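One rule links them: number in our numbering = place in the sequence shown (from 1) + 3. Every residue gets a Cβ at the ideal spot worked out from N, C-alpha and C, and that includes glycine. None of these values were measured; they are calculated from a predicted model.
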Amino acid sequence: MTLLELLQLLRKHLRLVIALPLVCALAMGVASFMFLPNTYTATTSMYVLVKGDSKSSSMSTDLSASQMVTNDVAQLIDSDRVTKDTANALKMKSLDDYKISVTSQTTTRVISVSVTGEDAPSCAIIANQLAKDVSAVAQEVMDVQSVNVIDEAETPEAPSGPNRVMYTAVAFLAGLFVAIAIVVLKDMLNTRVRSAEEVEEMLGIPVIGRIPAMKE
4 MTLLELLQLL RKHLRLVIAL PLVCALAMGV ASFMFLPNTY TATTSMYVLV KGDSKSSSMS
64 TDLSASQMVT NDVAQLIDSD RVTKDTANAL KMKSLDDYKI SVTSQTTTRV ISVSVTGEDA
124 PSCAIIANQL AKDVSAVAQE VMDVQSVNVI DEAETPEAPS GPNRVMYTAV AFLAGLFVAI
184 AIVVLKDMLN TRVRSAEEVE EMLGIPVIGR IPAMKE
């Protein structure tokens, strides 16, 4: 099937090609606004201070070794020990209802921790508590002097998700794909001869006459 034939086929079923994507997008839009709760993200940033650092010698410290320590601290934030310590400090059963994201740059010792959940104040509280707990654990198990907080997490005022526009657009594209698939599949399963060209292709002989359709 050529592209022109596909376009002609879609034109014959234009109602389905238009209606199905619109229905899918509308259904997803309604579902996302009615059933998907808003989520909020609070972010705190920290600086990893390795033992031996000082104001006069911090620039001469081996960057690759310091970065390895920073990466270890970043992994430590999402460990079971730190998350459990944070949950216990906040008198919570666990942090499973919250998404914790840790970002560590390759050329600095700055770590960013983002906590995403449905309750905005709780996200900020958890992020700040994680910073405190990871500092204590890092000093205990690693060669780290301290993990200092640069910016404390503040209670987010606006939701960070869900991305309802993206969900709606994806639903529209999915509906369009399904509509095209239905049209193509329906055409492939239709084995009736619908044109003189198909007769010539199937029988290998030319058509020498046609009977026009008579109007009533």
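- When the alpha-carbon of I129 is set against those of A161, R84, M95, the nearest one is in M95.
- Among the bridge pairs identified by DSSP, V116 is matched with T47, V105.
- When the Cα atoms are used, A90 and C126 turn out to be separated by approximately 12 Å.
- A direct Cα-Cα distance of roughly 58 Å separates R195 from T44.
- Taking 4 residues as the shortest admissible run, the stretch 122–185 contains the following complete alpha helix (DSSP H) segments, listed from N- to C-terminal end: 123–144.
- Contact between M31 and T171 holds: their C-beta atoms lie close to 5 Å from each other, under 8 Å.
- Here V85 carries a helix assignment [DSSP, helix/strand/coil].
- In the structure shown, V210 adopts coil according to DSSP, grouped into three states.
- L23 and V181 do touch by the CB rule: their CB atoms are close to 6 Å apart, below 8 Å.
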